[in-house]
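Visitor:
Residue numbers (the UniProt record's numbering): 1 to 897.
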């Protein structure tokens with residue numbers, strides 16, 4: 001993998017040659033690899049357009065790597081150079097080839113008294129190309145008397161440092177590698193002082209030598225944070241593992257203390273309740289195990305320490321061979337049935353296949369095991385009558401091994417099939433594996449579960465836990481400047497022209513030009529929301545307003561979105577002219593279209609805005625504030641871990657077999673990552689015990705969790721056109737990260753409330769375990785000192801109506817894209833999580849806001865009244881008059897008391 005730094009240009013550099021100019025060149029340093037561009041003589045606004053390639057190690061964490069770009073002036077005729085400025089770019093936001101965008105970086109000072117100004121334009125991306133073009137030589141070689149920085153080839157690393165020391169000291173490289181790090185660094189510095197050359201020192205994370213472990217690493221601590229980059233099938237973002245020593249019972253772990261003075265049970269139902277689940281206490285290896293990952297060069301354990309351990313019996317059916325054929329059809333339609341007590345699980349069957357492969361996993365909860373024997377049957381499916389018995393394998397559960405991640409998966413084995421009585425072997429073998437595990441097993445998410453044995457068909461796909469990612473949203477800004485030579489259908493009149501632009505389902509129009517003309521001018525901006533990959537096209541029509549109810553199309557164009565430039569800041573974008581096609585030309589009239597030498601045209605300036613954050617959720621409960629362009633992202637400031645334990649006291653939402661039933665699942669959304677737990681079938685007290693992790697880029701954000709009733713499990717009444725099955729909402733919980741104390745685990749039971757016409761109704765309680773871990777205090781302080789939204793929201797803000805319209809369009813796009821996943825995240829679920837109706841007016845919300853204002857003002861009103869009473873000049877006289885009245889009219893005292 002190569003890192004490509006394309007040096008495009010620079011602007012407004014500081015003159016250094018004493019004649020008001022400079023001869024600049026750029027030097028790039030990445031991980032001790034140096035490379036520089038050619039020199040542009042006598043130019044303060046140079047243009048290079050030169051690519052510099054470097055070796056990129058994909059195994060290393062990029063969060064602590066950076067690219068240093070320095071600009072120098074080459075002195076002539078006396079060889080040397082002057083510093084013009086530099087910038088450091090973090091490698092955490094490097095994009096792949098094809099996603100690169102031109103960026104400008106302000107040049108910074110190296111020293112306090114340096115005089116630096118100007119900016120440099122770069123494109124930075126990664127490329128799989130292995131061959132690098134030869135670097136151009138400088139325009140004039142420097143003199144040998146002047147010390148120069150040696151150019152390092154792209155393949156250089158920390159190893160040439162050992163070789164260089166060996167050459168200067170005459171010692172063997174192997175001997176040097178065995179020396180302590182301090183001695184090697186001291187030798188390297190001594191050689192640097194003698195030769196005057198720049199020798200790269202071996203860093204602590206370069207991997208050239210094993211790093212020393214701190215002496216107090218194994219000492220116990222109350223809180224230990226081990227952060228690692230862990231790539232997992234269901235948790236692909238950064239994870240943090242923490243071992244939290246349990247505090248005494250007197251030390252609270254909660255955000256809000258319980259109210260001891262509350263006597264009403266109705267009020268208690270709506271309060272936040274403390275819980276004491278057994279988090280991670282039953283897990284082996286000190287409360288956290290499983291998973292593998294690397295970050296900062298350290299290995300870490302799994303983060304399943306915010307959920308309770310649930311044991312499962314796993315059965316992996318791999319394949320079978322040499323199965324007997326039927327005497328009637330001379331073939332076999334095999335399938336496997338796994339039986340444990342009253343629970344039965346079946347694989348799919350294959351038609352006329354003697355050596356089938358299933359690769360299917362069955363999971364039986366240990367709490368529901370009803371037998372000490374596991375039976376695996378192989379059967380032949382018959383169209384009519386009873387299925388034929390081919391053989392079986394029996395396992396004693398006391399002999400089943402236990403697998404604890406990070407152990408490797410248990411290897412499946414071949415087993416000979418037995419007859420029905422188990423007295424002898426029959427023809428055929430089956431490959432399978434049986435083991436005891438937990439929900440931390442990688443086979444857990446895609447396994448068939450015994451608690452969902454009643455689900456069949458397509459409903460099986462709708463009960464599994466999944467992780468979804470929101471599409472990458474962009475703002476598409478279309479600046480309609482002008483049109484030329486617009487010809488109306490009626491040549492006897494001048495047209496009243498306006499432009500209609502459509503992107504997908506979004507349609508916007510410009511204003512009608514105030515004067516009738518064939519060359520109208522608008523200079524009007526139209527903003528749309530689009531998502532990657534860009535599937536829609538920009539469809540533009542120029543229309544003539546004939547009557548208030550009739551418009552005539554004068555021309556049209558259709559342009560793909562991927563040809564437009566991506567902009568990260570407020571720099572101007574080049575405009576383009578587009579020829580308008582005459583409306584009515586079809587595909588069969590291509591030859592006629594070529595014959596037309598004259599056509600109207602329109603002037604547009606179109607760009608994809610990457611400096612904005614595309615809002616797809618309510619601004620009061622926003623979970624992400626990063627701009628669209630990844631190049632503008634900052635490093636994460638923390639890790640959010642949420643353990644979804646379960647729910648209690650859920651209400652029945654549908655009828656099944658003449659009784660109330662609920663099939664609940666939970667959805668959590670933070671940033672671009674959505675998670676969906678598995679569905680627990682037919683229960684009012686589900687236990688999920690699933691843990692998920694998110695990277696936090698701003699603590700002033702909110703995580704949203706919702707509980708829903710799954711209505712797509714198959715069976716029952718089939719939905720009709722008038723009654724489409726929709727997942728019913730049970731309730732929603734929001735947690736603001738800024739209210740969480742770092743490194744503390746919060747375990748609460750949150751009420752699930754739903755607003756009904758008769759008032760607020762409690763639908764149950766959701767039990768969660770939440771922990772927020774900060775990665776860097778300096779980054780946290782930096783975030784609090786900057787605005788919430790990206791810079792473009794303040795340089796070129798949108799109007800309130802634009803924000804509402806764009807947010808509504810963004811929510812629709814997210815709902816459509818997530819609905820394409822398998823299994824889909826339903827539209828009603830996405831809309832409820834994103835508060836699609838939060839902008840609508842509500843009498844209830846208006847009353848609530850009114851009484852909230854009244855309660856706030858009431859305190860100040862009483863203070864004003866008290867101040868007026870104390871400052872009243874006739875206070876003493878009024879008191880004396882009241883006293884005389886009470887003495888003379890004593891009968892008035894009894895009603896007053």
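Ideal placement from N, C-alpha and C gives every residue a C-beta, glycine not left out.
Between the C-alpha atoms of residue 802 and residue 465, what's the straight-line distance to the nearest angstrom?
Guide: Using only the alpha carbons, I get a separation of about 36 Å.
Visitor: Can you give me the C-alpha to C-alpha distance between residue 126 and residue 94, rounded to a whole angstrom?
Guide: The straight-line gap from Cα to Cα measures roughly 7 Å.
Visitor: Assuming contact is defined by CB atoms lying nearer than 8 Å, are residue 43 and residue 12 in contact in what I supplied?
Guide: No. Outside cutoff.
Visitor: Thinking residue 674 and residue 646 are a contact (beta carbons under 8 Å), I'd like their distance in whole angstroms, please.
Guide: Contact doesn't hold; Cβ gap of about 20 Å is too wide.
Visitor: Could you give the distance in angstroms between the alpha-carbon of residue 838 and the alpha-carbon of residue 732?
Guide: So the alpha carbons of these two residues sit roughly 14 Å apart.
Visitor: Classify residue 697 as helix, strand or coil using the three-state DSSP reduction.
Guide: Coil.
Visitor: Just how far apart, CA to CA, sit residue 758 and residue 844?
Guide: Answer to the nearest angstrom: the Cα atoms are 11 Å apart.
Visitor: Among residues of its own chain, excluding the 5 on either side of residue 653, which ones have a beta-carbon nearer than 6 Å to its beta-carbon?
Guide: Around residue 653: 662, 709, 728.
Visitor: Can you list, in chain order, the stretches of the beta strand (DSSP E) that have 3 or more residues and sit fully within the UniProt domain "C2" (294-415)?
Guide: Counting whole runs of 3 or more residues, the UniProt domain "C2" (294-415) contains the beta strand (DSSP E) stretches 311-321, 334-340, 343-346, 357-365, 373-380, 388-396.
Visitor: Within 10 angstroms of the Cβ of residue 435, are there 16 or more other Cβ atoms? Answer buried if so, exposed if not.
Guide: With 16 or more other Cβ atoms within 10 Å, it is buried.
Visitor: Using three-state DSSP, classify residue 33 as helix, strand or coil.
Guide: DSSP places residue 33 in strand when its eight states are reduced to three.
Visitor: Return the CA-CA distance between residue 515 and residue 496, expressed in angstroms with no decimal places.
Guide: Whole-angstrom Cα-Cα distance: 7 Å.
Visitor: Please identify the residue among 530, 572, 500, 278 whose C-alpha is closest to the C-alpha of residue 628.
Guide: Ranking the options by Cα distance to residue 628, first place goes to 530.
Visitor: Which residues does DSSP pair with residue 48 in a beta bridge?
Guide: DSSP, once it has assigned bridges, lists no residue as partnering residue 48.
Visitor: Tell me which residues share the same chain as residue 780 and place their Cβ nearer than 8 Å to its Cβ, disregarding the 5 neighbours each side in the sequence.
Guide: Result list for residue 780: 637, 638, 699, 774, in chain order.
Visitor: Cα separation between residue 3 and residue 771?
Guide: C-alpha separation (whole angstroms): 36 Å.
Visitor: By DSSP, does residue 867 sit in helix, in strand, or in coil?
Guide: Residue 867: helix per DSSP, three-state reduction.
Visitor: Hey, residue 71 and residue 86 are a contact pair by Cβ (cut 8 Å); roughly how many whole angstroms apart?
Guide: With a Cβ gap of about 7 Å, residue 71 and residue 86 count as contacting.
Visitor: From what residue to what residue does the alpha helix (DSSP H) around residue 818 run?
Guide: Its alpha helix (DSSP H) spans residues 800-818.
Visitor: Should residue 820 be labelled buried (16 or more other beta-carbon atoms within 10 Å of its own) or exposed?
Guide: Answer is exposed; the Cβ neighbour count stays below 16.
Visitor: How far does the beta strand (DSSP E) with residue 527 in it reach, from first residue to last?
Guide: Per DSSP, residue 527 belongs to the beta strand (DSSP E) from 521-531.
Visitor: DSSP has residue 39 in a bridge; who is on the other side?
Guide: Looking at the DSSP assignment, residue 39 forms no beta bridge with any residue, so it has no partner.
Visitor: Leaving aside the five residues before and after residue 895 along the sequence, list all residues of the same chain whose C-beta is less than 7 Å from its C-beta, in chain order.
Guide: Summary for residue 895: the model assigns pLDDT 46, below 50, so the residue's position carries little reliability; its value from the coordinates is reported in the next sentence. For residue 895, where only same-chain residues beyond five positions count, there are no Cβ hits under 7 Å.
Visitor: Rounded to a whole number of angstroms, what is the C-alpha to C-alpha distance between residue 848 and residue 809?
Guide: So the alpha carbons of these two residues sit roughly 28 Å apart.
Visitor: Report the option in 410, 737, 474, 326 whose CA atom is closest to the CA atom of residue 615.
Guide: The candidate whose alpha carbon is nearest that of residue 615 is 474.
Visitor: Short of 8 Å in beta carbon distance, which residues of its chain neighbour residue 623, apart from the five on each side in sequence? Order them along the chain.
Guide: Contacts found: 617, 669, 670, 671, 701, 702, 703, 704.
Visitor: Would DSSP call residue 541 helix, strand or coil?
Guide: If DSSP states are grouped into helix, strand and coil, residue 541 belongs with the strands.
Visitor: Within 8 Å, do at least three Cβ pairs link the stretch 326-341 to the stretch 378-391?
Guide: They touch, by the three-pair rule.
Visitor: Residue 417 and residue 426: beta carbons closer than 8 Å?
Guide: Yes, these two residues count as a Cβ contact at 8 Å.
Visitor: Mapping DSSP to helix, strand and coil, what is residue 672?
Guide: In the structure shown, residue 672 sits in coil (DSSP, three-state: anything other than H, G, I, E or B).
Visitor: Span of the alpha helix (DSSP H) holding residue 480?
Guide: Element bounds for residue 480: not the alpha helix (DSSP H) but the beta strand (DSSP E), 473-484.
Visitor: Could you give the residue range of the beta strand (DSSP E) that holds residue 655?
Guide: From DSSP, the beta strand (DSSP E) with residue 655 extends over 654-656.
Visitor: In this structure, does DSSP put residue 67 in helix, strand or coil?
Guide: If DSSP states are grouped into helix, strand and coil, residue 67 belongs with the strands.
Visitor: Given this structure, state the Cα-to-Cα distance separating residue 359 from residue 460, to the nearest angstrom.
Guide: Going by the C-alpha atoms only, they are around 16 Å apart.
Visitor: Classify residue 563 as helix, strand or coil using the three-state DSSP reduction.
Guide: Here residue 563 sits in helix by DSSP.
Visitor: Who are the Cβ neighbours of residue 346 in its own chain at under 8 Å, not counting the five residues just before and after it?
Guide: Within the same chain, residue 346 has close Cβ partners 335, 336, 337, 338.
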